[in-house]
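Visitor: Counting in this note's numbering, the sequence shown runs from 124 upward without gaps. A single structure is presented below for examination.
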Amino acid sequence: MICWFYIEGFYETDIYGQMLERLRNLFGSQTLAYYYDLTFEETVRRHQTRVKQEEFSPADMKRWWKDRVFLGWEEEAFFTDEDSLEAAFDKICSALDRTDYNSK
């Protein structure tokens, strides 16, 4: 049986840090954490390729923008402007293959 979960979104540590730490402690060495360290311009460009692009504007995004809010975890990995969606997916899948997830 494979048991895992995925949390995605903007998680400001002052609001969500305690919850994320509890999850990290619960799952221990099986924790994988990724951060999109993108420029605002690249974030807008990627948003404009989404089906939901009309739901909010670049001006809305600018109001919400928090630059470089890292968790500070040793296992936190980063994606940059140069990393495609496919490259990010491959990196995550490769990391999952190297964990205990597949041996349960």
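Idealized CB from N, CA, C, for every residue including glycine. Computed from a prediction, not measured in an experiment: that's the story for all the values here.
1. Locate the alpha helix (DSSP H) running through I209, then write down its first and last residues.
2. Kindly provide the ranges of any alpha helix (DSSP H) runs that are 4 or more residues long and lie completely inside the segment 168-205, ordered along the chain.
3. In angstroms with no decimal places, state the Cα-to-Cα distance between I138 and H170.
4. Who are the Cβ neighbours of T154 in its own chain at under 7 Å, not counting the five residues just before and after it?
5. Please state if the CB of V167 and the CB of P181 are separated by a distance shorter than 8 Å.
6. DSSP on Y129, reduced to helix/strand/coil?
7. DSSP beta-bridge partners for Y158?
8. Whole angstroms are fine: how far does the CA of L208 sit from the CA of R221?
9. Quick test of your reading: Y157 and A210, contact by CB under 8 Å. State the CB separation rounded to the nearest angstrom.
Guide: In short:
1. In the sequence as presented, Ile is not what sits at residue 209; that position holds Glu. Where E209 is concerned, the enclosing alpha helix (DSSP H) stretches over 208-220.
2. 181-187
3. 24 Å
4. R147, E198
5. yes
6. coil
7. F201
8. 20 Å
9. At roughly 12 Å, the Cβ-Cβ gap does not stay under 8 Å, so Y157 and A210 are not in contact.
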